[in-house]
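Notes to accompany the following structure.
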C-alpha cells in the first residue's frame, strides 16, 4: 500500500560455546530447512525486544536460562526474500556467554538432535545462511548482506 511504512521480519540466534565447540540443533517437523543443522533461533514476538526474544527462545528450545548480561550482538545479517512468498529479514546473531542449566531438546516436535561442533569445521548440512553468518563473525564482521542485487 502506498505510504505504508515498510516492515521487516526479525529472528534471533543464540551462539553457545563450550570447550571450544558450538551448539547446533537439527531442525525437524517443519517445512523450512527440515533436517538441517542450525543454531537455536526463533522469530521475535510483537512487542518483544531482541534480547528478551533470544532469552525466551533459548528457554523454549533448550530449557536453559540465558543471562541477558552475557548476551552480545555479534552480527546483523540482512537477507533479501528467497522467493515470492518470503520477506526480508534481519537475522540477529548473539553470542551467549552465560547460562544456567544443561541444553536439552525441549521441543522434540521441532528438533531431533543437539550437536556440539567444531566452529572451524562445521558439518556440511548446516543451514547455508547460518554458516555464512558464522564465517562473517569469525572474520570480525558485524553486518552481512545476503541475496541483494547491487549495482546497475
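Numbering (the UniProt record's numbering), first residue to last: 1 to 152. Virtual Cβ for every residue (Gly too), placed ideally from N, Cα, C.
Secondary structure note for residue 139: it is in no beta strand (DSSP E), with a DSSP letter that is neither H nor E.
Pairing residue 65 with residue 104, the inter-Cα distance amounts to about 12 Å. The continuous alpha helix (DSSP H) containing residue 60 extends over residues 50 to 62. Around residue 98, the same chain offers 67 and 70 as residues with beta carbons nearer than 6 Å, after the five sequence neighbours per side are excluded. Taking each of 80, 117, 118 and 121 in turn and checking the Cα distance to residue 150, the smallest one comes out for 80.
Inter-residue distance for residue 89 and residue 101 is about 30 Å (C-alpha atoms, whole angstroms).
Annotated as proximal: residue 62 and residue 106, with beta-carbon spacing under 8 Å. The distance from the Cβ of residue 117 to that of residue 26 is about 11 Å, inconsistent with a contact at the 8 Å cut-off.
In this chain, the beta strand (DSSP E) harbouring residue 113 covers 111 to 117. Distance between residue 13 and residue 6, taken at the CA atoms: about 23 Å. A buried status is given to residue 93, since no fewer than 16 other beta-carbon atoms sit within 10 Å of its beta-carbon.
With a 10 Å radius around the Cβ and a threshold of 16 neighbouring Cβ atoms, residue 16 comes out buried.
Here the alpha carbon of residue 131 sits roughly 10 Å from the alpha carbon of residue 121. Put simply, the backbone Cα of residue 4 is about 19 Å away from that of residue 10.
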